[in-house]
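In order, the protein sequences belong to chains A, B and C.
Going by my numbering, the residue at position 173 of the first sequence is 173; the numbering climbs one at a time, nothing skipped.
Take any residue in the second sequence, count from 1 to its spot, add 459: that is its number in my numbering.
Take any residue in the third sequence, count from 1 to its spot, add 582: that is its number in my numbering.
Backbone N, C-alpha and C define an ideal beta-carbon position, used for all residues, glycine too.
Only a predicted model underlies this, so the values are computations on that prediction, with no experimental measurement involved.
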Amino acid sequence: MSFVANTPAQREEMLRACGVSSVDELFADIPASVAPKSFRLPPGASEHEVLTYFQQLAERNYAQLTVFLGGGVYDHFIPSAVDALASRGEFFTAYTPYQPELSQGTLQAIYEYQTHICRLTGMDAANASMYDGGTAIYEACQMALHTTRRSRIVVDEGVNPVYRKMLYSYTANLDIDFTEVPTSHGACHRELIEQTVGDDVAAVILQNPNFFGVVDNHEDVVARCHERGSLVIQSVYPVAMALLKPPGEIGVDIAVGEGQSLGNPLAFGGPYLGFMATNRKLVRKMPGRIVGRTLDREGREAFVLTLQAREQHIRREKATSNICTNEALCALRAHMYLSLVGKEGMREVAQLCHAKAEYAKSRFKTIPGVRVMETNPTFNEFTVRLPADAGVIAGRLVERGIAPGLPLGRYYQGMENYLLVAVTEKRTKAEIGNFAEVLEEVLAHYWDFEEEHSERIEV
Amino acid sequence: MSQDDRKYATSHEWAKQDGDLIVVGISDHAQQELGDITFVELPPMGQVVEAGDECGVIESVKAATDLYAPVGGEVVAVNEALEVSPELINQDVWEAGWVLKLKPSNPGDIDALMSAADYDATV
Amino acid sequence: MSVVFERSVPGRRGVRLPGCDVPLAEAIPEKCLRERSAELCELSELDVVRHFTGLSRLNFGVDTGFYPLGSCTMKYNPRVSERIAGLAGFSQLHPFLPQLRSGGMLTQGALQLLYELEHVLCEITGMEAFTLQPLAGAHGELTGMMLIAAYHRDKGNRRQTVLIPDEAHGTNPSSAAITGYRTVPVPTDTTSGRLDLEALEALIDDETAAIMLTNPNTLGIFNSDIERVVELAHARDALVYYDGANLNAILGKFRPGDAGIDVMHVNVHKTCATPHGGGGPGAGPVGVRKHLVPFLPISRIQKRQDNSYMLDYDQPKSIGYVAPFYGNFSILVRAYAYIKLLGGEGLVEVSENAVLNANYVMQALKERYALPYDRTCMHECVLSASRQAEKGVHAIDIAKALIDRGYHPPTVYFPLIVKEAMMIEPTETESKETLDAFISAMLEIADEAEQNPDAFAQLPKNAPVCRPDEVKAARDMDVCYDI
């Protein structure tokens, strides 16, 4: 099934119209010396057969786990209307809106999305999207490097470690120095950052809440950075922004983040949604598509892609970024989600997440051997120290139907016993209670097991 | 037709002596090619450039072009009016549409640029 | 249509949230909290549904009508792919699951899918290995450039430049530049429409890190000198990057790997019919030959002896992470579903019919529109409105006239090396009837351009808006709705 409409008879007729006798003649420019050495692919199949094949694969994944995993992407509820509206063919089978007369739907939706992001972050202008939260940080760094003409970036270790790894991969061939600043009890280490930010620093990257879930008000840090001419990039969790002081209110220059939690499914890693917003001063340095509102020839309100002269299709090697295809449909979904959940709803989602996480903390505190890290306030994610390797314990919980959180050992040296637990509005009191009980049980058995093998690990 | 009271670079800038400073703008030809100018990025004051260095960007809807220093020197003034009214370049490319002033490193460098007639012959 | 914020009514609610079954918490200090709620919409669910349904009706997609936007391959997106991507076992899977001990076993279906897709792409392209992580075509180019940089660093080569044909997509020079390379344009031979080999020979030197090629190129012409180009590059230990933007033209006819191409990307929305979503998301898997395999991004998906799948992070020469996880998974699911539906013979049919359709349109239009390179084209043809422009009717005017006739216009003013370019890509899923109707429309427009050129400035008349003022948009910069 190749979805080709033309019948063999029509193809013959068309070949004649082209003045050739066979389709092979149309490929005569391909020299015989580079003919495929192989093209052994399975034969095509019917829709039913293919659907069955993928259903079988899908069934090998889904284990009805109760998800307490976060680490930057979260299991939030998605209202049904998001799927219904985003699956309209007029939206999802369109290309980038180059012809405004045929794309007012996409263009207006992006304009509204930009506005929603601005209102959530308190910034002046947002772009139409980046690939994900990590690439958004990288693009923000490029903006800062170009704007300040400096070459050093300071990164708080509370920034998502996966994003930090991405940043270093992308810049391996460039002359950019990175300085990582360790956290203090899981929070931003202000003195260290202050010592590190000299007048060669283009930007400082912070995250709120940070990877450990710790919430902060970075206003003082931003002020110190600005004194030294450095910009501040803050990566934020958009759901938390319904509650927390947004970057625009504390002087952040570029706000970025992962927008998956706004109406996009987890989908094993993507597609996700990088969002980016900045202030008026830097808007022309911002990469990616931007939609503007203007008037048409008859004075009617109209929307267009604007500031395109910065982009790769015009500016080529001097463009602000190479991004072309972005995550438009994910941005559309985020905009639909925010429209449906709305002003009070978003506040409630954030409050629910926070309250349930605090409840989880209270339950974990009673489990022998478990220590909840409580030096700093957190939003909906927090770290617990377990009496043994968090990866091993997590494995036992997975076997009991719970994805208990992210073991931190892979990303933070010396944190092998730490687990990062996330709670969203979808988790019930009963699920949290069950998690606590199973954890207690697993740990109890773990001790039995360990005692048998007399390898008791220090608590 | 380019104006005779100034010199021209192959990269389409004009340079005009103003006391011991050099005023720099873009040529009428460049302005026409770009079309409606929507934004001018001015260089920072005090920037020291060599001839041929980038010292600004001029954007229209369909293109963006770098402004190159026609002679070496220090940027001592920029036309801030362009920040709010970039269309000044379209409206009055020779006077109100100037972009920046340079204090030249070598006052004689301007003589090496093209005359109006030579420049017009290249475009 | 009014902006969504104008529909907002204070106090109105859309979605009902779960009640709070735990004690309310206020553990966040005052100074960290926002003082006022963010001014998001306040709408009912029906308000929202009507708003977006209304917006969708102002849009044009492949589902709406013929969309011959050159270089963008706007072909039919099978509905079954959407259904498959929506299966809970795919859509609800948390990407960190494989990092939990035992969690990997709960994602075997997903890992198997990715593993199989990698191998199918290898067979389609003749490459040794693929990474599925790049999140779009341009992101694939960036990944490719990073791989090339890693290769040269590893060998101690000091390379500074990347050669790029002047007809290339803008992403090519941009991707090379942001990886730290200086880009050097290579001219196109104006008689053949192919890369100027002599110019290439003169430009390639020991500073050259790579040459980036699109083949067929953006003029829709296959470069028969491909082997010579590869030979010239390899003689200097420069690598050859193949922009797979036009891979859909040559499935089963040419495999980049067989010609010695070192690294390439695939645009899955073009070759594997994943929907473009009004600007994304896409996916840009990158394939490499053997000598670049050690540099591929982590993680790599491996098959164990017991036929289970695992993620391998232990790749000391790897360029590291290019995506947070395993790529745009649900787009990759759609791509693989499409390949499974078509199979090998179906993929060959794709290219044969895409090429036939493009040649058919080109033959029918070349009498009335200038054809700068009059030769067999591949999946797209580049005409020029130069003849019409003499009467004052430009490519953009023809585009607007097509809108009034119910068509999405071709790509205009690209490639940059053709004046008044109109790049037409019909794709294989369009029927002869559709093509004939489009051809008639184009011929009528050509007539009108001769008879009544002045009328074009007022077009389109049948669209919701007519030629929005882009200058005003760029100068006034209204990019966020203010109350």
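| Check | Outcome |
| --- | --- |
| Any chain A beta carbon closer than 8 Å to LEU640 of chain C | yes |
| Euclidean distance between Cα positions of GLY409 of chain A and ASN417 of chain A | 7 Å |
| Cβ pair VAL585 of chain C, SER339 of chain A closer than 8 Å | no |
| PRO161 of chain A versus SER1022 of chain C: straight-line alpha-carbon distance, rounded | 58 Å |
| Beta carbon of ASN935 of chain C nearer than 8 Å to that of GLU1007 of chain C | no |
| CB contact check: VAL1061 of chain C to chain B, cutoff 8 Å | no |
| SER519 of chain B at chain A interface by Cβ criterion, 8 Å | yes |
| Beta-bridge pairing of ALA792 of chain C - partner residues as DSSP gives them | C:VAL744, C:LEU821 |
| Backbone CA spacing between LEU419 of chain A and LEU406 of chain A [nearest angstrom] | 5 Å |
| Cut-off 7 Å between Cβ atoms - residues of its own chain near GLU458 of chain A, not counting five sequence neighbours on either side | In this prediction, GLU458 of chain A scores a pLDDT of 35, lower than 50, which makes its location untrustworthy; the coordinate-derived value is nonetheless stated afterwards. Hits under 7 Å: none found. |
| 8 Å Cβ cutoff, THR294 of chain A in contact with chain C | yes |
| Boundaries (first-last residue) of the alpha helix (DSSP H) holding HIS633 of chain C | 627-638 |
| Which listed residue (C:LEU833, C:THR655, C:HIS873, C:ARG1049) has its alpha carbon closest to that of GLY864 of chain C | C:THR655 |
| Min CB distance HIS721 of chain C to chain A below 8 Å | yes |
| Neighbour flag for PRO906 of chain C against chain A, beta carbons, 8 Å | yes |
| Pick from C:GLU749, C:PRO605, C:TYR697, C:ALA792 that is closest to ALA759 of chain C, judged by C-alpha positions | C:ALA792 |
| Span separating the alpha-carbon of MET1024 of chain C from that of ASN941 of chain C | 15 Å |
| Closest Cα partner of MET336 of chain A within the set A:LEU51, A:LEU145, A:LEU85, A:THR325 | A:LEU85 |
| TYR467 of chain B, DSSP secondary structure in three states | strand |
| Whole alpha helix (DSSP H) elements within the region 684-772 of chain C, 4-residue minimum | 690-707, 719-737, 753-760 |
| Inter-stretch contact (C-beta, 8 Å, three-pair minimum) for the region 635-644 of chain C and the region 102-118 of chain A | yes |
| Rounded Cβ spacing between ALA523 of chain B and ILE176 of chain A (contact assumed at less than 8 Å) | 24 Å between Cβ atoms; not a contact. |
| Runs of alpha helix (DSSP H) lying entirely within the region 388-456 of chain A, each at least 4 residues, in chain order | 390-399, 429-452 |
| Local conformation of GLU1010 of chain C per DSSP, three classes | coil |
| Min CB distance CYS18 of chain A to chain C below 8 Å | yes |
| Euclidean distance between Cα positions of THR135 of chain A and GLU813 of chain C | 35 Å |
| Contacts that CYS1048 of chain C makes with chain A (C-beta to C-beta distance below 7 Å) | GLU101, ASP296, ARG297, GLU298 |
| Chain C within 8 Å of SER495 of chain B, Cβ atoms only | First, the amino acid is wrong: residue 495 of chain B is Asp here, not Ser. It does; some Cβ of chain C falls within 8 Å. |
| C-alpha gap between GLU1032 of chain C and ALA125 of chain A, whole angstroms | 45 Å |
| Segments assigned beta strand (DSSP E), at least 3 residues, entirely inside the region 959-1001 of chain C | 963-966 |
| Rounded separation between SER454 of chain A and VAL82 of chain A - CA only | Residue confidence is low: SER454 of chain A scores 42 on pLDDT, short of 50, so the model does not pin down where it sits. Its coordinate-derived value is still stated next. Taking the straight line from one Cα to the other gives about 54 Å. |
| Interface flag, VAL571 of chain B vs chain A, CB-CB below 8 Å | Rather than Val, the amino acid found at residue 571 of chain B in this sequence is Ala. Output row for ALA571 of chain B: interface = no. |
| Residues that ARG882 of chain C bridges to, as DSSP identifies them | C:ASP894 |
| Assigned secondary structure, SER321 of chain A (DSSP; H/G/I helix, E/B strand, else coil) | coil |
| Residue-level contact to chain B via CB, GLU749 of chain C, 8 Å cutoff | no |
| Distance CB(TYR131 of chain A)-CB(LEU696 of chain C) smaller than 8 Å | no |
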